[in-house]
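Below: one structure, written as structure tokens.
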Amino acid sequence: VPNVRRDLIEELYIPEEDPELEGNEDFIDALVDEALFLTGNLDAEDMNERVESGGSNQRIMGRRWTPAGRITMRDNELGIVPIEGAKVRARRWFTTKKAFTNAQGQFRCSGSFRRRANYSIKWERYHFSIRRGSGFSMQALFNGPKMKGDWNLNIDGGRSAYYAVVHRAANHYYYKSIKSLRRPPLNSPVRAQMKIAVVFNDNEYGNHNQWRGILGIPSRIKIWHTQPPSKGTYATTIHELAHASHCNIISSVLPSINWEARIETKVKESWARGVQWELTRMVYPAYWGGATNETYTNVVIDMIDTQRDDLGNNGHIFPDDQVTGYTIRQIEDTMNNSYTWNEWKNNIINRYNNATENNLQRLFNSWN
């Protein structure tokens with residue numbers, strides 16, 4: 018990195034990265050093994066594979082193996098589910114093999130070892146990273162076993178279950194089908210990687226602040242552990258990423274200085290609740306989200322679903338919903354210039370022809 022003071026402690030030679038030794042795995046293994054033995058860094062199990070013969074140390078060459086396996090978690094709604102897009106690492110000293118899990122949670126690294134390797138999961142992808150704790154938090158990790166052979170992990174409870182659910186939701190919004198919605202802010206030379214902190218010492222649900230992530234170090238999104246690591250945590254993560262995407266729609270180059278000042282809270286929260294409902298149901302079909310209020314309204318849901326509600330006693334739990342047939346992408350396309358509740362309603366009416374649009378005024382009024 019230019020203009021950063023640094024000191025060279027020692028030259029390090031890694032034979033696995035030497036192009037002149039490419040294809041000579043047996044020689045590389047023997048060289049590394051002998052170096053570890055001579056420096057006293059060969060652990061007990063590896064030492065047991067060395068035998069004394071004729072007064073000289075001999076080495077037993079183990080068969081090469083490729084790190085592989087499957088990563089899943091226990092979800093209290095869905096049971097055992099695969100974790101897609103997890104970055105699994107297998108490391109032995111300075112050599113690390115990596116792979117991302119597929120839709121079934123399976124992974125297979127591109128390289129191989131003869132000795133045991135340390136497995137781990139780094140909860141990040143190119144566009145997002147999950148952190149542990151708030152503020153200038155550290156990368157979330159799962160440190161697995163040192164072993165040979167396949168690593169088949171099922172995460173069942175604890176903090177890692179929260180990391181896994183937040184990862185599943187973020188991976189969904191960034192890398193999977195989202196019904197033609199725009200992605201949240203992408204990692205690029207002008208935008209930092211999205212940092213999502215999982216916080217275990219507070220009593221909230223989720224929080225988004227674009228200014229926290231402006232330098233790419235603090236976490237722009239925070240998710241608290243007040244809900245079980247299942248559909249509630251998943252939905253909250255989608256909700257906060259929807260805020261980040263909304264902010265990106267308003268200003269596609271730099272964070273909008275007018276984000277908090279110009280857009281009514283009801284517009285922001287109702288839009289994020291709609292995305293939360295639409296995407297979470299793709300994974301948890303029975304998800305509804307529960308009763309809401311005059312700020313976190315279900316107006317987006319009412320514009321999409323086919324349920325025709327009658328006006329209830331308070332007008333909020335059962336709104337005057339005679340609207341249907343809009344898509345989540347159509348509604349998103351009106352967000353770039355909808356700063357107030359009335360602007361949003363008028364933009365939807367003016368932009369689209371919908372058989373039920375004459376009822377939009379009544380629907381928006383019922384959420385006031």
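With the sequence shown counted from 1, adding 17 to any position gets you the working numbering. Cβ coordinates follow ideal geometry from the N, Cα and C atoms, glycine included.
With respect to the alpha helix (DSSP H) encompassing residue i, which residues constitute its N-terminal and C-terminal limits?
| i | result |
| --- | --- |
| His189 | Arg176 to Tyr192 |
| His256 | Lys248 to Ile267 |
| Arg22 | First-last for Arg22: undefined, no H or E at that position. |
| Trp384 | Element bounds for Trp384: n/a, residue is neither H nor E. |
| Arg368 | Trp358 to Arg368 |
With DSSP run on the structure shown, which of helix, strand or coil describes residue i?
| i | result |
| --- | --- |
| Gly150 | coil |
| Gln347 | helix |
| Arg279 | helix |
| Ser13 | Only positions 18 to 385 of the chain appear in this structure, which leaves residue 13 out of reach. |
| Gly1 | Past the edges of the chain, shown from 18 to 385, lies residue 1, and the structure says nothing about it. |
| Lys139 | strand |
| Trp294 | helix |
| Asn287 | Looking at the sequence itself, residue 287 is Ser, so the reference to Asn does not match. Note: Ser287 maps to helix in three-state DSSP. |
| Met320 | helix |
| Met352 | helix |
| Glu69 | Residue confidence is low: Glu69 scores 41 on pLDDT, short of 50, so the model does not pin down where it sits. Its coordinate-derived value is still stated next. In the structure shown, Glu69 sits in a strand (DSSP, three-state: E or B). |
| Asn330 | Because the pLDDT at Asn330 is just 40, under 50, the model does not fix this residue reliably, and the point stays unresolved. |
| Gly306 | coil |
Tell me which residue opens and which closes the beta strand (DSSP E) that residue i is part of.
| i | result |
| --- | --- |
| Gln123 | Gln123 to Arg125 |
| Arg213 | Correcting the residue type first, residue 213 is Ile in the shown sequence and not Arg. Counting along the chain, the beta strand (DSSP E) containing Ile213 begins and ends at Met211 to Val216. |
| Met164 | Leu158 to Met164 |
| Asn171 | Trp168 to Ile172 |
| Asn224 | Gly223 to His225 |
Taking residue i and residue j to be in contact with their CB atoms under 8 angstroms, please state how far apart those CB atoms are, rounded to whole angstroms.
| i | j | result |
| --- | --- | --- |
| Glu281 | Tyr313 | That belief does not hold up - the Cβ atoms of Glu281 and Tyr313 are roughly 13 angstroms apart, past 8 angstroms. |
| Gly9 | Thr89 | The shown model of the chain, from 18 to 385, leaves out residue 9, and the question about it has no answer. |
| Tyr356 | Arg279 | 5 angstroms |
| Arg148 | Ala214 | 4 angstroms |
| Ile240 | Thr254 | 6 angstroms |
| Glu94 | Tyr222 | Contact flag wrong, Cβ pair sits at about 17 angstroms. |
| Ser262 | Asp337 | With 8 angstroms as the limit, Ser262 and Asp337 do not qualify as a contact, their Cβ atoms being about 29 angstroms apart. |
| Asn220 | Thr243 | 6 angstroms |
| Ile97 | Arg106 | About 23 angstroms; that fails the 8 angstroms criterion. |
| Phe111 | Ile234 | Rounded, the Cβ-Cβ distance is 27 angstroms, inconsistent with contact. |
| Leu380 | Val316 | 7 angstroms |
| Asn204 | His260 | With a Cβ gap of about 18 angstroms, Asn204 and His260 do not count as contacting. |
| Ile321 | Tyr343 | 6 angstroms |
| Phe130 | Trp82 | 6 angstroms |
| Asn310 | Glu257 | Contact flag wrong, Cβ pair sits at about 18 angstroms. |
| Tyr304 | Ala252 | 7 angstroms |
| Lys362 | Gln378 | 7 angstroms |
| Pro162 | Asn265 | With 8 angstroms as the limit, Pro162 and Asn265 do not qualify as a contact, their Cβ atoms being about 40 angstroms apart. |
| Asn375 | Asn364 | At roughly 16 angstroms, the Cβ-Cβ gap does not stay under 8 angstroms, so Asn375 and Asn364 are not in contact. |
At least three beta-carbon pairs within less than 8 angstroms, the segment 227–242 to the segment 291–299: Between the segment 227–242 and the segment 291–299, the count of Cβ pairs shorter than 8 angstroms is below three; the stretches do not touch.
Stretch pair the segment 346–356 + the segment 280–291: three plus CB contacts closer than 8 angstroms: Contact between the segment 346–356 and the segment 280–291 is present: three or more C-beta pairs spanning the two stretches fall below 8 angstroms.
Start-end ranges of the beta strand (DSSP E) lying completely within the segment 80–134, minimum 3 residues: 85–92, 96–99, 104–109, 112–117 and 123–125
At least 3 beta-carbon pairs within less than 8 angstroms: the segment 197–210 vs the segment 163–183: no
Any 3 or more C-beta pairs closer than 8 angstroms across the segment 89–105 and the segment 182–195: yes
Touch test, the segment 111–122 against the segment 147–166, Cβ-Cβ under 8 angstroms, three pairs minimum: no
Cβ contact check for the segment 161–178 and the segment 136–146: 3 or more pairs under 8 angstroms: yes
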